[in-house]
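Below is one structure, written out as structure tokens; comments come after it.
Protein chains: 2
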Amino acid sequence: MGRVAGPGKADLGILFDPTSVAIVGASEDPGKLGSHVMRSLLNGGYKGALYPVNPKRGEVMGMPSYPSLSKIPGEVDLCVMVLPAERILGQIRSCISKGVKGVVLATSGFKEVDDPRGEALQAEVGKMATEAGIPIVGPNTFGLVNRHADLNASFTPEFGLLKKGGVSLVSQSGGMCHLVAFLSMRSGIGFSKIVGLGNRCNMDFGDLIRYLHGDPATKVIALYMEGIDDPRPMMEEARRCNGSKPVIAYKVGSSTVGDSASRSHTGSMAGDHLAYRGAFRQAGILAVEGTEELLDAAKALAMCPLPQGPGVAVVTGQAGPAMAACDVCEREGLRVVRFTSETQRKIYALLPPFSLRDNPVDMGPAWYNMAALKGVIEAAIEDNGVHSVLLLMTYASANAGLAEGLVCMLGDERWQKPVVACMTAPPGVWDGEIERLEGMGALVNLPTPERAARAAAALWKARSLMASPVPVRTMGP
Amino acid sequence: MGRVAGPGKADLGILFDPTSVAIVGASEDPGKLGSHVMRSLLNGGYKGALYPVNPKRGEVMGMPSYPSLSKIPGEVDLCVMVLPAERILGQIRSCISKGVKGVVLATSGFKEVDDPRGEALQAEVGKMATEAGIPIVGPNTFGLVNRHADLNASFTPEFGLLKKGGVSLVSQSGGMCHLVAFLSMRSGIGFSKIVGLGNRCNMDFGDLIRYLHGDPATKVIALYMEGIDDPRPMMEEARRCNGSKPVIAYKVGSSTVGDSASRSHTGSMAGDHLAYRGAFRQAGILAVEGTEELLDAAKALAMCPLPQGPGVAVVTGQAGPAMAACDVCEREGLRVVRFTSETQRKIYALLPPFSLRDNPVDMGPAWYNMAALKGVIEAAIEDNGVHSVLLLMTYASANAGLAEGLVCMLGDERWQKPVVACMTAPPGVWDGEIERLEGMGALVNLPTPERAARAAAALWKARSLMASPVPVRTMGP
Chain A
8 MGRVAGPGKA DLGILFDPTS VAIVGASEDP GKLGSHVMRS LLNGGYKGAL YPVNPKRGEV
68 MGMPSYPSLS KIPGEVDLCV MVLPAERILG QIRSCISKGV KGVVLATSGF KEVDDPRGEA
128 LQAEVGKMAT EAGIPIVGPN TFGLVNRHAD LNASFTPEFG LLKKGGVSLV SQSGGMCHLV
188 AFLSMRSGIG FSKIVGLGNR CNMDFGDLIR YLHGDPATKV IALYMEGIDD PRPMMEEARR
248 CNGSKPVIAY KVGSSTVGDS ASRSHTGSMA GDHLAYRGAF RQAGILAVEG TEELLDAAKA
308 LAMCPLPQGP GVAVVTGQAG PAMAACDVCE REGLRVVRFT SETQRKIYAL LPPFSLRDNP
368 VDMGPAWYNM AALKGVIEAA IEDNGVHSVL LLMTYASANA GLAEGLVCML GDERWQKPVV
428 ACMTAPPGVW DGEIERLEGM GALVNLPTPE RAARAAAALW KARSLMASPV PVRTMGP
Chain H
8 MGRVAGPGKA DLGILFDPTS VAIVGASEDP GKLGSHVMRS LLNGGYKGAL YPVNPKRGEV
68 MGMPSYPSLS KIPGEVDLCV MVLPAERILG QIRSCISKGV KGVVLATSGF KEVDDPRGEA
128 LQAEVGKMAT EAGIPIVGPN TFGLVNRHAD LNASFTPEFG LLKKGGVSLV SQSGGMCHLV
188 AFLSMRSGIG FSKIVGLGNR CNMDFGDLIR YLHGDPATKV IALYMEGIDD PRPMMEEARR
248 CNGSKPVIAY KVGSSTVGDS ASRSHTGSMA GDHLAYRGAF RQAGILAVEG TEELLDAAKA
308 LAMCPLPQGP GVAVVTGQAG PAMAACDVCE REGLRVVRFT SETQRKIYAL LPPFSLRDNP
368 VDMGPAWYNM AALKGVIEAA IEDNGVHSVL LLMTYASANA GLAEGLVCML GDERWQKPVV
428 ACMTAPPGVW DGEIERLEGM GALVNLPTPE RAARAAAALW KARSLMASPV PVRTMGP
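Chains A and H are the protein sequences, given in the same order. For the first sequence, the numbering used here begins at 8 and goes up steadily by one. For the second sequence, the numbering used here begins at 8 and goes up steadily by one.
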């Protein structure tokens, strides 16, 4: 069960930015994965050369098809394989002859099956590729995605619909990549890279973290883990990110049944949950406890400057959501601070008496007043005790113009401290404005006050985990 | 600060099913709440008589307007008031003369403001209405909604877009009612009644719980609470529901700042959070810790039969989501049981070898096989150790037809045990099929595996809190 040595210093960039991709097992039959991979690459807008390989066809989906890898006229950077397991070893040999630089091995039937031959085959594939310096994603993976290169080397074309952004996800489960993607389509999270590690025959979390650490398009590294044989390389690579790029991890397998499922799923023990938690903390990895928490934290970390302390100002249109958020703030280590008298004076001047003008600040009857809202947020941000702002605004018929007003009012302005918002409205009503506010870098929006508070807390936790002070940077998508 | 005595045995049904509604302060000016209330009632499809009252106008939004309540020719069951606070006392007198049976008092400027005159005014209004036997919702409320009567007596027309169903929400915060409504529009939760209690001048949680307990359209009572002066009547009414109708509560105000916000917000102390938790348990109220948890539990309780034990079977298309769900199951008191050998035999016969066929059951390569999926679910449901089923299916291009297949396969069949699902797909892809599956009563769908597991756990917790065994009922929307 020992981990096969990784591909060493192999340039993983070629996996994500290939100039050409061969699809071994390309097909038009919708019952075959090869057809879905073809559609992913064709519909995704990939600009490089595509070479379908299928000895039985002259063309596949309107593209000339090649009988074998060796017959492809040009160079092949990335090879996606969707053939039965028993044919993979021969194809890896062909990849080596052809000088292929990276492989996505979507095929299953390796270490995850209940048959020792699967494990033996995987070991042989891994050894051969490693000796040739070829990194393999998989086997038993859905594939990989690089949104910034319009590359969808997976069997699910819908990954091409994801927004582009700064989150990169490395996952031990393809199912979780799909879940995360579909949730993200509803909440505006932008992705850089997504990789399903599958059975990790010669690449593991550590290799990907090392690569993503150096990848300028990746603002935050998000991990979904079930358990790995030797977590040390991963922890070391994560520790190297410390101080420059946040790493967050959702580790499942705390339950006894989950543990046995993991063993079958990707051929590894889920291991001791508590030991992982301790190791994460030492490596500066922010541990989260659910899919949505992973996504919310990743979104905030990719889009916000890091706060320099736990002080939070809560600016709200309604008292109820603010109370819910304050509970979470306090539970998660943020402090709803008392404003300085200077800040208090500024806010008192902006709001009518009888509204709640301490922290939380209830805009109450002044929620239609954009200048007052902007003034309150600015006053809070200028307060030295405030390190981040929670902005909670729930739609009502009487404040329908609030989101548009905020867009107009803010212009290109960017705040030096994170503004984590929960602006909620009926579907379709504020969606465009919220997208614009996020695109402008004015704020990051979460679906509930509690999740906004938890994301704000994640920003401060991530900052606390970092060893050295980080330079203040402005917000940006 | 003592609680004004409630309206006693007044029939609260008249608030939710009035044959006529007067709007005192009706307006066409979009800057006035009176215009939003008019739109709510007109657009909501309310079938009863509407009487706008505005002495300055002959008509409002195409309807004849009356100079005062007394000039209205017919009887007035419900009166919605959106006038400034100083004019309310006179209008309550008019209501009494006219024989109005219930009032929604949207006006603010009462106990919630930092001026003793507000509190005094509220006490007077409450006393007068109580002596006349008139229940008042408010003051300082957004209003009330009865989806089954197409009645939207609130200042937010969008409540009329909510799906009809079995959840009734009683909330101390209008902001939270809005938040809950907008979240629900994205997740298919169906409502019966929604009430913003506001300052509770002569009606409190206890009165509403008593009414909803006897309301056949309400399957589950959901409470959002900040804190009340005397929780005993509420706890007593909730205890009376025990064994017949689930009551769930989200209580905020655990933080010290939240506590002071609550005092200002609805004029009451948030009180001791832990004391509330204990009282909830004694009263058989299921306590939840967030807006989404409240909604998820309410949705499941409104749509599913209650499980008779903690045993859960996990049927999944992908191992990762199942592991995440199993962690939550175990943490929340469910047991991922070992199947009987009989069940195991049935499942082995349905699935290919090499897939994970114990609990969790990974459909793996058989995810396109609807007969196998149905057979596995049925085998699990027939297992005496299984009390509920978690069904986790994530879309991939290769299983796109799964949701439709499930709809066709199930027909009108209903299972005797709850099936809590997490079927996820890109927006728009499976939405219609999931709605049909929920409408058929086949399952209840939640957005993540963790939330599905937590909702399944809430079903069992709600069952555990009930004093006596409940009859098995089939699922239904």
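Where is the CB? At the ideal position from N, CA and C, for every residue including glycine. Nothing here was measured: the structure is a model prediction, and the numbers come from that model.
Which same chain residues end up closer than 6 Å to residue i when comparing Cβ atoms and leaving out the 5 residues on each side of it in sequence?
i, result
"E165(H)", "none"
"P59(A)", "I30, A33, V67, M70 and S72"
"Y355(H)", "R364"
"K226(H)", "G173 and A309"
"G382(H)", "L357"
"S350(A)", "Sequence inspection shows Thr at residue 350(A); the Ser mentioned does not correspond to that position. Counting only Cβ-Cβ distances below 6 Å, and skipping sequence neighbours, we find A386 and D390."
"G20(A)", "none"
"K170(H)", "G197"
"S175(A)", "S199, K200, L219, T225 and I228"
"T26(H)", "G55 and D84"
"I292(H)", "A245, V254 and A256"
Can you give the beta carbon distance from residue i to residue j, rounded, assuming they're within the 8 Å contact cut?
i, j, result
"A305(H)", "I216(H)", "About 14 Å; that fails the 8 Å criterion."
"E339(A)", "A464(A)", "3 Å"
"K224(A)", "S199(A)", "Looking at the sequence provided, one finds Ala at residue 224(A) rather than Lys. Right, their Cβ atoms sit about 5 Å apart."
"N206(A)", "E119(A)", "6 Å"
"E457(H)", "G297(A)", "5 Å"
"W437(H)", "L341(H)", "Between L341(H) and W437(H) the Cβ distance is about 25 Å, and since that is not below 8 Å, they are no contact."
"L398(A)", "V344(A)", "Incorrect: roughly 16 Å between the Cβ atoms, too far for contact."
From the DSSP output, in three-state form, read off residue i for me.
i, result
"V414(H)", "helix"
"Y257(A)", "strand"
"C208(H)", "coil"
"N406(A)", "helix"
"I228(A)", "strand"
"N61(H)", "coil"
"A113(H)", "coil"
"T163(H)", "coil"
"G197(A)", "strand"
"R10(H)", "In this prediction, R10(H) scores a pLDDT of 41, lower than 50, which makes its location untrustworthy; no coordinate-derived value is stated."
"I30(A)", "strand"
"D369(H)", "strand"
"Y355(H)", "helix"
"V120(H)", "coil"
"P71(A)", "strand"
"G274(A)", "Because G274(A) sits at a pLDDT of 49, beneath the cut-off of 50, its placement in the model cannot be relied upon, and the following sentence gives the value as read from the coordinates. If DSSP states are grouped into helix, strand and coil, G274(A) belongs with coil."
"M88(H)", "strand"
"V479(A)", "Its pLDDT being 44, under 50, V479(A) is placed unreliably by the model, and nothing is read from it."
"S471(A)", "helix"
"R421(A)", "coil"
"N376(A)", "coil"
"R345(A)", "coil"
"T137(H)", "helix"
According to DSSP, what are the bridge partners of residue i?
i, result
"E6(H)", "Given a span of 8 to 484 for chain H in the structure shown, any question on residue 6(H) remains unanswerable."
"D279(A)", "None; D279(A) has no bridge partner."
"V430(A)", "The question names Val, but residue 430(A) in the sequence shown is Met. M430(A) pairs with M400(A)."
"S191(A)", "Paired residues: none, contrary to the question."
"A387(H)", "Paired residue(s): none; A387(H) is not in a bridge."
"E66(A)", "P71(A)"
Leaving out five residues before and five after residue i in sequence, what residues of the same chain have Cβ atoms less than 8 Å from its Cβ?
i, result
"H220(H)", "I228, E244, R247, C248, S251 and K252"
"M135(H)", "L96, I99, R100 and I103"
"R46(A)", "M68 and P164"
Kindly examine the ligand GDP and report whether one of its heavy atoms sits closer than 6 Å to the Cβ of residue i.
i, result
"A256(A)", "As for the ligand GDP, it is missing from this structure, which has no ligand bound."
Just to confirm my understanding: we take residue i, look at its own chain, exclude 5 residues before and 5 after, and list those with CB closer than 7 Å. What are they?
i, result
"I316(A)", "As written in the sequence, residue 316(A) is Gly, which differs from the Ile given in the question. Excluding sequence neighbours, G316(A) sits near H394."
"V414(A)", "E440, R443 and L444"
"A403(A)", "none"
"R461(A)", "E300, D303, V335 and E339"
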